[in-house]
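In the working numbering, the protein residues as written are 47 to 446.
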C-alpha cells in the first residue's frame with residue numbers, strides 16, 4: 047500500500063510517500079513559508095540530492111497540491127497519478143483525552159480535533175487545514191489521524207494530574223498529556239526488536255532529544271510517565287523552550303515587567319532554553335562548538351541541558367523500580383556523541399556502562415553503545431514517526 051504521510055504545520059507541510067509492502071520511502075520533502083510570497087517546495091531526488099522549486103504565495107491547499115504535483119511529475123515524480131496513493135496519514139498534535147489510538151478521520155473526529163484547538167492553538171488548526179486540503183483535492187480518499195498524545199493515554203492519574211484545584215482538570219482539561227508519543231512508541235518497540243527481547247517484560251526510558259525534547263518511562267510497553275505536560279513547554283530544557291520552571295518566577299516577571307500572557311508565551315517558547323541561556327543559538331552543534339572554544343555561556347547551557355536529561359532518567363528509573371534499556375533518539379540524541387557520554391557517565395551507579403569508543407563514532411544509526419557487561423542496555427535508535435504513521439494508516443484502512 048502506498049501511504050502519503052503529511053505533517054502540516056502553521057507555515058509548512060512535510061511529506062513522505064511510503065510503500066508499506068517493504069517500508070520503502072518513495073519520496074520526501076516539504077513546503078515551507080506557506081502564506082508568504084517566497085514559499086517553496088524542498089524535495090529529495092532519486093539520487094539522494096535535494097532540490098527546491100519556487101512556489102510563491104500558496105495556502106495549505108496549494109501546498110498539498112504542490113506536493114501531489116511533484117509526486118506525479120513526469121521527470122521528478124515516483125507515481126503516475128494521484129490514484130496510486132491508497133490513503134493519507136496525518137500527524138495530529140493534540141488529541142487530549144479523546145483519542146488513545148490512531149483513528150479514521152471522519153467529520154465527527156475532525157470536530158473533536160477542533161475541540162482541542164485551545165490546547166494546541168498553533169498546531170491543531172494547521173493539522174485540520176491540511177486534512178481539509180487533502181479532502182478537497184482527493185475527495186473520498188481514506189485519511190487517518192495519528193496523535194502525538196495518544197501513546198501517553200496509558201499514564202495513571204498520579205502521573206498526569208497537576209496539584210491544582212481539581213476543577214481545572216474537570217472543567218478545562220488541565221493535565222499532563224505528553225507529546226512525541228509516536229516517536230516514543232516507535233523507538234520503544236524497535237529497540238526490543240533490535241535486542242531480541244519482549245517489550246512486555248522491559249522497563250525502558252526513551253529520550254527523544256532534539257530542538258524539542260521529551261523523556262518517557264515505558265513500563266512493559268506502556269507509557270507511565272513523560273516529561274512534557276499540558277503543552278510541549280514543560281520538562282526538559284529545549285532549543286528555545288524553557289522546560290521546567292517555577293511558576294512563581296513567571297508571575298514575578300509578569301508583574302515586574304508588565305508582561306501580557308502573549309509576551310510570556312513568546313519568552314517561554316521562543317526566547318528561552320539553550321538559546322536564552324547561551325545567547326548564541328538553539329542548535330546544539332553550535333553550542334558544542336562554542337563550548338570547545340571556551341565560551342562560558344555555551345558551557346553553562348550545555349551543562350544545564352545534560353543535567354535535566356540525567357535527572358529525568360534517574361527519576362523514571364526510580365519510578366519504575368529500575369530500568370533495562372535507555373534509548374537515545376531525535377536529532378541531538380542520535381548525533382551528539384559527547385552529550386550521550388556526559389549523560390551516561392553519572393548513571394554508572396545504576397548499572398550503565400558506556401562503550402566510549404563505539405559511542406564516539408555512532409551517529410544516526412541503530413547501535414548498542416553500552417558494553418556487553420552493562421546491566422542497562424543503552425541504544426541509539428533513529429526515530430521514524432512517518433513509518434509509524436504509515437503502518438497505523440495501513441492497518442486502519444485494511445480493517446475497514
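Glycine residues also receive a C-beta, built at the ideal position from the N, C-alpha and C atoms. Treat the numbers as computed from the prediction; the structure is a model and nothing was measured.
Worksheet entry | Coil, strand or helix - residue 415 by DSSP | Note: residue 415 maps to coil in three-state DSSP.
Worksheet item: Taking C-alpha atoms, which residue in 182, 194, 249 and 184 lies nearest to residue 162?
Response: If we check each option's Cα against that of residue 162, 194 comes out closest.
Discussion item. As a quick exercise: from 223, 400 and 429, pick the residue whose alpha carbon is nearest that of residue 277.
Written reply: For the options 223, 400 and 429, the alpha carbon positioned closest to that of residue 277 is the one of 223.
Practice prompt. Could you round the C-beta distance between residue 427 and residue 375 to whole angstroms and report it? I think they count as a contact, below 8 Å.
Written response: By a beta-carbon distance limit of 8 Å, residue 427 contacts residue 375. Their separation comes to about 5 Å.
Item to complete: Could you pull out every residue in the same chain whose Cβ sits closer than 6 Å to the Cβ of residue 88, ignoring the five residues on either side in sequence?
Response: Cβ within range, chain order: 75, 76 and 98.
Worksheet item: According to the Cβ coordinates, are residue 226 and residue 175 closer than 9 Å?
Response: The beta carbons of residue 226 and residue 175 sit no closer together than 9 Å.
Item to complete: Pull up the distance between the alpha-carbon of residue 134 and that of residue 343, whole angstroms please.
Response: C-alpha separation (whole angstroms): 45 Å.
Worksheet item: Considering residue 290, what are the terminal residues of the beta strand (DSSP E) in which it resides?
Response: Taken as a continuous stretch (DSSP letters only), residue 290 belongs to no beta strand (DSSP E), as it is neither H nor E.
Worksheet entry | Same chain, Cβ closer than 7 Å to residue 268, five either side skipped, listed in chain order | Excluding positions up to five away in sequence, the list reads 200.
Worksheet item: Along the chain, where does the beta strand (DSSP E) that runs through residue 249 open and close?
Response: Looking at the DSSP string, the run of the beta strand (DSSP E) that includes residue 249 is 249-255.
Practice prompt. Please classify residue 192: is it buried, with 16 or more other beta-carbons within 10 angstroms of its beta-carbon, or exposed?
Written response: Here residue 192 is buried, its C-beta having at least 16 other C-beta atoms within 10 Å.
Discussion item. So, under 8 Å CB-CB, residue 106 and residue 59 are touching, yes? Tell me the CB distance rounded to an integer number of Å.
Written reply: Taking 8 Å as the upper bound for CB-CB distance, residue 106 and residue 59 are in contact here, some 7 Å apart.
Practice prompt. Can you give me the Cβ contacts of residue 315 inside the same chain, cut-off strictly under 7 Å, excluding the 5 residues immediately before and after it?
Written response: Contacts found: 279, 286 and 287.
Discussion item. Beta-carbon within less than 6 Å of residue 56's beta-carbon, same chain only, minus the 5 sequence neighbours each way: which residues are those?
Written reply: Excluding positions up to five away in sequence, the list reads 168 and 172.
Discussion item. Can you give me the C-alpha to C-alpha distance between residue 111 and residue 183, rounded to a whole angstrom?
Written reply: The alpha-carbon atoms of residue 111 and residue 183 are separated by roughly 7 Å.
Worksheet item: Which residues bound the alpha helix (DSSP H) around residue 189?
Response: From DSSP, residue 189 is part of no alpha helix (DSSP H) but of the beta strand (DSSP E) over 188-193.
Item to complete: Could you tell me how far apart the beta carbons of residue 49 and residue 429 are, in whole angstroms, since I believe they sit closer than 8 Å?
Response: That pair is no contact at about 18 Å.
Worksheet item: In three-state DSSP terms, what is residue 164?
Response: Annotated three-state conformation of residue 164 is coil, per DSSP.
Worksheet item: Exposed or buried, which one is residue 339 when buried takes at least 16 other CB atoms within 10 Å?
Response: It counts as exposed.
Discussion item. Closer than 8 Å is the cut-off here; do at least three beta carbon pairs connect the region 248-266 with the region 375-384?
Written reply: Yes, since at least three Cβ pairs between the region 248-266 and the region 375-384 fall closer than 8 Å, the two stretches touch.
Item to complete: Tell me residue 133's beta-bridge partners as DSSP assigns them.
Response: Residue 133 is bridged by DSSP to 49 and 188.
Worksheet item: Count the other CB atoms within 10 Å of the CB of residue 152; is the residue buried (16 or more) or exposed (fewer)?
Response: Sixteen is the threshold: since fewer than 16 other Cβ atoms of the shown chains lie within 10 Å of the Cβ of residue 152, the residue is exposed.
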